[in-house]
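Remarks on the structure that follows.
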Amino acid sequence: MPQNVIELIMADHRDVETIFEKLRNQPENRPALVAELAAKFVAHARAEEARVYPELAKADPGERGEVRHGTEEHHEAEELLATLMETDPDRSEFATVLEQMIKAVKHHVEEEETDILPAMAKAIPADKLVTMGKAFSQAKAVELAKPPRPKGRTKEELVEQARKKGVEGYSSMTKEELVAALG
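To convert a position in the sequence shown, counted from 1, into our numbering, add 123.
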(Lines of atoms letter the chains of each structure in order from A and count residues from 1; the text may use other names and numbers.)
(Lines give C-alpha, C1' and ligand atoms only; values in the text may rest on other atoms or scores of the structure.)
Protein backbone atom coordinates (compact mmCIF):
# COMPACT_ATOMS: atom_id res chain seq x y z
CA MET A 1 0.00 0.00 0.00
CA PRO A 2 1.43 3.43 -0.92
CA GLN A 3 2.44 5.60 1.98
CA ASN A 4 0.98 9.01 2.45
CA VAL A 5 3.13 12.06 3.02
CA ILE A 6 2.41 12.16 6.75
CA GLU A 7 3.74 8.61 7.22
CA LEU A 8 6.84 9.43 5.16
CA ILE A 9 7.56 12.59 7.15
CA MET A 10 7.16 10.78 10.44
CA ALA A 11 9.44 7.96 9.24
CA ASP A 12 12.08 10.59 8.41
CA HIS A 13 11.70 12.03 11.91
CA ARG A 14 12.35 8.61 13.47
CA ASP A 15 15.34 8.11 11.14
CA VAL A 16 16.93 11.40 12.24
CA GLU A 17 16.32 10.52 15.90
CA THR A 18 18.21 7.26 15.29
CA ILE A 19 21.11 9.16 13.72
CA PHE A 20 21.20 11.49 16.72
CA GLU A 21 21.47 8.51 19.08
CA LYS A 22 24.29 7.06 17.01
CA LEU A 23 26.07 10.43 17.05
CA ARG A 24 25.86 10.41 20.84
CA ASN A 25 26.96 6.79 21.25
CA GLN A 26 29.35 6.11 18.37
CA PRO A 27 32.01 8.82 18.46
CA GLU A 28 34.27 6.80 16.16
CA ASN A 29 31.61 7.01 13.42
CA ARG A 30 30.73 10.70 13.77
CA PRO A 31 32.18 11.96 10.46
CA ALA A 32 30.05 9.54 8.43
CA LEU A 33 27.01 10.09 10.64
CA VAL A 34 27.24 13.88 10.31
CA ALA A 35 27.42 13.52 6.52
CA GLU A 36 24.39 11.22 6.57
CA LEU A 37 22.48 13.60 8.85
CA ALA A 38 23.30 16.59 6.66
CA ALA A 39 22.17 14.88 3.46
CA LYS A 40 18.95 13.51 4.91
CA PHE A 41 18.02 16.60 6.92
CA VAL A 42 18.52 19.04 4.04
CA ALA A 43 16.70 16.80 1.55
CA HIS A 44 13.78 16.39 3.98
CA ALA A 45 13.54 20.11 4.72
CA ARG A 46 13.74 21.17 1.06
CA ALA A 47 11.15 18.57 0.03
CA GLU A 48 8.78 19.68 2.79
CA GLU A 49 9.19 23.32 1.86
CA ALA A 50 8.67 22.64 -1.86
CA ARG A 51 6.04 19.89 -1.91
CA VAL A 52 4.27 19.76 1.43
CA TYR A 53 4.02 23.13 3.14
CA PRO A 54 2.58 24.94 0.08
CA GLU A 55 -0.15 22.31 -0.27
CA LEU A 56 -1.12 22.70 3.39
CA ALA A 57 -1.18 26.50 3.10
CA LYS A 58 -3.43 26.18 0.04
CA ALA A 59 -5.77 23.63 1.65
CA ASP A 60 -5.98 25.51 4.96
CA PRO A 61 -4.91 29.18 4.74
CA GLY A 62 -5.17 29.39 8.53
CA GLU A 63 -2.03 27.21 8.71
CA ARG A 64 0.18 29.70 6.83
CA GLY A 65 1.72 30.93 10.08
CA GLU A 66 2.60 27.38 11.14
CA VAL A 67 4.05 26.70 7.68
CA ARG A 68 6.20 29.84 7.86
CA HIS A 69 7.29 28.93 11.38
CA GLY A 70 8.22 25.40 10.27
CA THR A 71 10.35 26.81 7.46
CA GLU A 72 12.11 29.18 9.87
CA GLU A 73 12.84 26.25 12.18
CA HIS A 74 14.34 24.32 9.25
CA HIS A 75 16.66 27.26 8.57
CA GLU A 76 17.69 27.54 12.22
CA ALA A 77 18.46 23.82 12.34
CA GLU A 78 20.48 24.13 9.11
CA GLU A 79 22.60 26.83 10.77
CA LEU A 80 23.27 24.46 13.67
CA LEU A 81 23.99 21.67 11.19
CA ALA A 82 26.56 23.87 9.44
CA THR A 83 28.23 24.53 12.79
CA LEU A 84 28.16 20.83 13.62
CA MET A 85 29.79 20.02 10.28
CA GLU A 86 32.56 22.53 10.99
CA THR A 87 33.21 21.23 14.52
CA ASP A 88 35.89 18.61 15.09
CA PRO A 89 34.03 15.47 16.23
CA ASP A 90 36.81 14.68 18.72
CA ARG A 91 36.51 17.98 20.58
CA SER A 92 34.20 18.59 23.52
CA GLU A 93 32.45 21.41 21.61
CA PHE A 94 31.00 18.80 19.26
CA ALA A 95 28.75 17.38 22.00
CA THR A 96 27.51 20.87 22.87
CA VAL A 97 26.61 21.72 19.28
CA LEU A 98 25.07 18.28 18.80
CA GLU A 99 22.83 18.76 21.84
CA GLN A 100 21.75 22.20 20.57
CA MET A 101 20.85 20.67 17.22
CA ILE A 102 19.00 17.76 18.84
CA LYS A 103 17.01 20.19 20.99
CA ALA A 104 16.10 22.38 17.99
CA VAL A 105 15.09 19.45 15.80
CA LYS A 106 13.16 17.76 18.63
CA HIS A 107 11.22 21.00 19.18
CA HIS A 108 10.45 21.26 15.46
CA VAL A 109 9.39 17.61 15.23
CA GLU A 110 7.08 17.94 18.24
CA GLU A 111 5.41 21.04 16.78
CA GLU A 112 5.12 19.49 13.36
CA GLU A 113 3.66 16.24 14.67
CA THR A 114 1.32 18.09 17.06
CA ASP A 115 0.18 20.94 14.79
CA ILE A 116 1.13 20.71 11.11
CA LEU A 117 0.64 17.02 10.37
CA PRO A 118 -2.76 16.75 12.10
CA ALA A 119 -3.87 19.88 10.22
CA MET A 120 -2.81 18.21 6.97
CA ALA A 121 -4.71 15.03 7.82
CA LYS A 122 -7.81 17.12 8.46
CA ALA A 123 -7.56 19.53 5.51
CA ILE A 124 -6.28 17.27 2.71
CA PRO A 125 -8.11 14.20 1.34
CA ALA A 126 -6.40 10.82 1.81
CA ASP A 127 -5.78 10.24 -1.92
CA LYS A 128 -4.11 13.65 -2.19
CA LEU A 129 -1.87 12.79 0.81
CA VAL A 130 -0.68 9.70 -1.10
CA THR A 131 0.01 11.81 -4.20
CA MET A 132 1.88 14.29 -2.00
CA GLY A 133 3.88 11.40 -0.55
CA LYS A 134 5.10 10.48 -4.02
CA ALA A 135 5.99 14.13 -4.77
CA PHE A 136 7.76 14.47 -1.40
CA SER A 137 9.77 11.31 -1.99
CA GLN A 138 10.72 12.43 -5.50
CA ALA A 139 11.78 15.89 -4.26
CA LYS A 140 13.96 14.24 -1.59
CA ALA A 141 15.58 12.03 -4.22
CA VAL A 142 16.37 15.08 -6.37
CA GLU A 143 17.92 16.86 -3.37
CA LEU A 144 19.95 13.80 -2.37
CA ALA A 145 21.33 13.56 -5.92
CA LYS A 146 22.55 17.18 -5.92
CA PRO A 147 26.14 18.03 -5.06
CA PRO A 148 26.56 19.31 -1.50
CA ARG A 149 25.30 22.87 -0.99
CA PRO A 150 27.25 25.60 0.73
CA LYS A 151 26.80 25.35 4.47
CA GLY A 152 23.94 27.26 6.03
CA ARG A 153 21.66 29.79 4.40
CA THR A 154 22.79 31.96 1.54
CA LYS A 155 23.32 35.66 2.11
CA GLU A 156 20.26 36.33 -0.06
CA GLU A 157 18.12 34.13 2.20
CA LEU A 158 19.46 35.91 5.27
CA VAL A 159 18.82 39.36 3.74
CA GLU A 160 15.24 38.37 2.95
CA GLN A 161 14.68 37.07 6.47
CA ALA A 162 16.20 40.22 7.98
CA ARG A 163 13.98 42.40 5.76
CA LYS A 164 10.88 40.52 6.89
CA LYS A 165 11.88 40.84 10.54
CA GLY A 166 12.61 44.57 10.22
CA VAL A 167 16.32 44.37 11.08
CA GLU A 168 17.84 47.85 10.78
CA GLY A 169 20.66 48.21 8.23
CA TYR A 170 20.32 44.66 6.90
CA SER A 171 21.17 45.61 3.32
CA SER A 172 24.72 46.65 4.19
CA MET A 173 25.50 43.75 6.57
CA THR A 174 27.89 40.90 5.86
CA LYS A 175 26.59 37.34 6.02
CA GLU A 176 28.12 36.90 9.48
CA GLU A 177 26.49 40.14 10.70
CA LEU A 178 23.13 38.98 9.32
CA VAL A 179 23.43 35.64 11.13
CA ALA A 180 24.24 37.47 14.37
CA ALA A 181 21.41 40.01 13.91
CA LEU A 182 18.90 37.24 13.28
CA GLY A 183 20.03 35.57 16.47
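Note that CB positions come from ideal geometry on N, CA and C, so glycine has one too.
Whole-number beta carbon distance between residue j and residue i, since they are thought to touch under 8 Å
i: Glu186; j: Ala242; result: 5 Å
i: Leu301; j: Leu281; result: 4 Å
i: Phe164; j: Ile225; result: 12 Å between Cβ atoms; not a contact.
i: Ala170; j: Ala262; result: 4 Å
i: His167; j: Gly193; result: Not really, about 12 Å apart at Cβ, beyond 8 Å.
i: Ala131; j: Leu146; result: Checking the sequence, you will find Leu at residue 131 rather than Ala. Leu131 to Leu146, Cβ: 23 Å. No contact.
i: Leu207; j: Ile129; result: So it is not a contact: roughly 28 Å between Cβ atoms.
i: Glu172; j: His197; result: 7 Å
Boundaries of the alpha helix (DSSP H) in which residue i is found, first to last residue
i: Met296; result: Here Met296 belongs to no alpha helix (DSSP H), and DSSP marks it neither H nor E.
i: Gln284; result: Lys278 to Lys288
i: Ala170; result: Arg153 to Ala170
i: Thr321; result: Absent from the structure is residue 321, since the part of the chain shown begins at 124 and ends at 306.
i: Glu189; result: Arg187 to Glu209
i: Pro177; result: Tyr176 to Ala182
Residue i in three-state terms, based on DSSP
i: Val265; result: helix
i: Asn148; result: helix
i: Ile142; result: helix
i: Pro248; result: coil
i: Glu291; result: coil
i: Pro212; result: coil
i: Pro273; result: With a pLDDT of 46 at Pro273, under the threshold of 50, the modelled position of that residue is not reliable, and no figure is offered here.
Exposure label - residue i; buried when at least 16 CB within 10 Å
i: Gly292; result: exposed
i: Gly256; result: buried
i: Arg174; result: buried
i: Lys269; result: exposed
i: Asn127; result: buried
i: Gly188; result: exposed
i: Val265; result: exposed
i: Asp213; result: exposed
i: Asp135; result: buried
i: Glu209; result: exposed
i: Glu216; result: exposed
i: Glu151; result: exposed
i: Arg153; result: buried
i: Glu283; result: exposed
For the segment 172-186 against the segment 238-256, are there 3 or more C-beta pairs whose distance is under 8 Å? yes
Sufficient close CB pairs (3 or more, under 8 Å) joining the segment 217-234 to the segment 194-208: yes
Does the count of Cβ pairs from the segment 160-169 and the segment 285-294 closer than 8 Å reach three? no
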